[in-house]
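So for the sequence shown, my numbering puts the first residue at 25; every next one is plus one. Built from N, CA and C at the ideal position, the CB exists for glycine as well.
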Amino acid sequence: MSILGTIFNGSEHTAALAKYKLVFLGDQSVGKTSIISRFMYDKFDNNYQATIGIDFLSKTMYLEDRTVRLQLWDTAGQERFRSLIPSYIRDSSVAVIVYDVASRQSFLNTSNWIEEVRAERGSDVIIMLVGNKTDLVDKRQVSVEEGEAKARDINVMFIEASAKAGFNIKALFRKIAAALPGMETLSSTKHEDMVDVNLKSSNSNGSQSQQESGGCAC
Ligand code: GTP
Ligand code: MG
C-alpha cells in the first residue's frame with residue numbers, strides 16, 4: 025500500500041472511531057472523580073478535592089471486537105453546580121449514577137438522579153447504578169441486595185465497586201462498553217471531534233471556564 029493510502033486509511037479509521045459520551049452523576053463525595061481517576065490512571069487519592077463545575081476526560085478502550093472512544097463528563101455533586109448538569113445529561117448516551125454504600129442518603133438520592141436522566145433522555149439512555157466504597161465494610165449502610173433490587177425495579181444496570189481498592193472499576197467500564205449500541209459513529213462525532221483535554225479543576229471559580237473548555241472543539 026502506498027504511503028498516501030496508509031495515511032488515508034489511517035485517518036479514515038480515526039474518523040470512524042465510535043465515540044460515546046458518559047456523564048457521571050451522584051451526590052457530593054460519593055467517589056465519581058475517584059472512579060474516573062482509577063480507570064484513567066490507576067491512581068487513588070484519599071484527600072477529597074471537590075469537583076468544580078464539570079471536568080472532561082477522554083479514553084480509548086480496546087474491546088475484543090472494536091475500539092471505542094469514551095468521553096467522560098465528571099460533574100460536581102455540590103448543589104451550587106446543579107444548574108450546569110442537565111445539558112450534559114441531554115448530550116450523553118450513558119449516565120453513570122454513583123452512590124456511596126456507606127451513605128444511605130446518597131443511595132436514596134440516586135432516585136432523583138435517575139428521574140432527572142429519564143426526564144432528559146427518556147429510555148434512550150444507558151444507566152449504570154454504581155455502589156462505590158465497598159472497602160468501607162464496617163460503615164456499610166446499603167447492602168448489595170438493596171442495590172441490586174433497586175436497579176432491577178427501575179431496569180438499569182448495577183455494579184458495586186471500590187475506587188480505593190481498585191475493585192470492579194475496569195469491570196464497570198467493560199460492562200458499559202458491552203451495552204453500547206454498535207454503530208453510533210460518525211453521526212455522533214458532530215462538534216466534539218476534539219483533542220484530548222484533561223481539565224483539572226483546581227481553581228475555585230472555574231465552573232464557567234471548565235464548561236467552555238470542555239464543550240469547545242476549537
Ligand atoms: P464531588 O466532586 O464533590 O461531587 O465528589 P466525588 O463524587 O467526585 O467524590 P471524590 O471522588 O472526590 O471522593 C470523595 C472522597 O471519598 C475522597 O476523600 C476519596 O478519597 C474518597 N473515596 C472515593 N472513592 C472511595 C472508595 O472507593 N473507598 C473509600 N474508602 N474512599 C473513597
Ligand atoms: Mg468529583
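Distance cut-off 7 Å: residue i Cβ against heavy atoms of ligand 3
i    : result
L160 : You won't find ligand 3 in this model; what it holds is ligand 1 and ligand 2.
Residue i beta carbon near ligand 2 (any heavy atom closer than 7 Å)
i   : result
D98 : yes
A74 : yes
Beta-carbon proximity check, residue i vs residue j, cutoff 8 Å
i    : j    : result
W97  : F48  : yes
S135 : D51  : no
V92  : A42  : yes
L153 : I121 : yes
V54  : N156 : yes
Y44  : L108 : no
Residue i beta carbon near ligand 1 (any heavy atom closer than 7 Å)
i    : result
T57  : yes
K157 : yes
A187 : yes
D66  : no
G101 : yes
G171 : no
Q165 : no
N70  : yes
G50  : yes
V54  : yes
Spatial neighbours of residue i in its chain, beta-carbon cut-off 6 Å, leaving aside the 5 residues before and after
i    : result
K188 : F68, D159
G146 : none
I150 : V118, A203
Residue i versus residue j: straight-line alpha-carbon distance, rounded
i    : j    : result
A126 : S167 : 9 Å
Q197 : E169 : The question names Gln, but residue 197 is Phe in the sequence shown. Cα-Cα distance, rounded: 21 Å.
D79  : R90  : 26 Å
L46  : A185 : 17 Å
W137 : M85  : 26 Å
S211 : T57  : In this predicted model, S211 has a pLDDT of only 39, less than 50, meaning its place in the structure is not dependable enough to derive any value.
G206 : E139 : 26 Å
G190 : N70  : 13 Å
P110 : E144 : 7 Å
R164 : E103 : 24 Å
Collapsed DSSP secondary structure at residue i in the structure displayed
i    : result
S82  : strand
T134 : helix
R93  : strand
Y72  : coil
E184 : strand
L46  : strand
V120 : strand
L87  : coil
V154 : strand
F98  : The amino acid at residue 98 is misidentified as Phe; the sequence shows Asp. Strand, per DSSP.
Own chain, CB closer than 7 Å to residue i, minus 5 neighbours either side, in chain order
i    : result
L87  : A201
D115 : K45
R142 : none
Cβ neighbours of residue i in the same chain (closer than 8 Å, five flanking residues each side left out)
i    : result
K199 : M152, M181, I183
S61  : K67, F68, D69, A187
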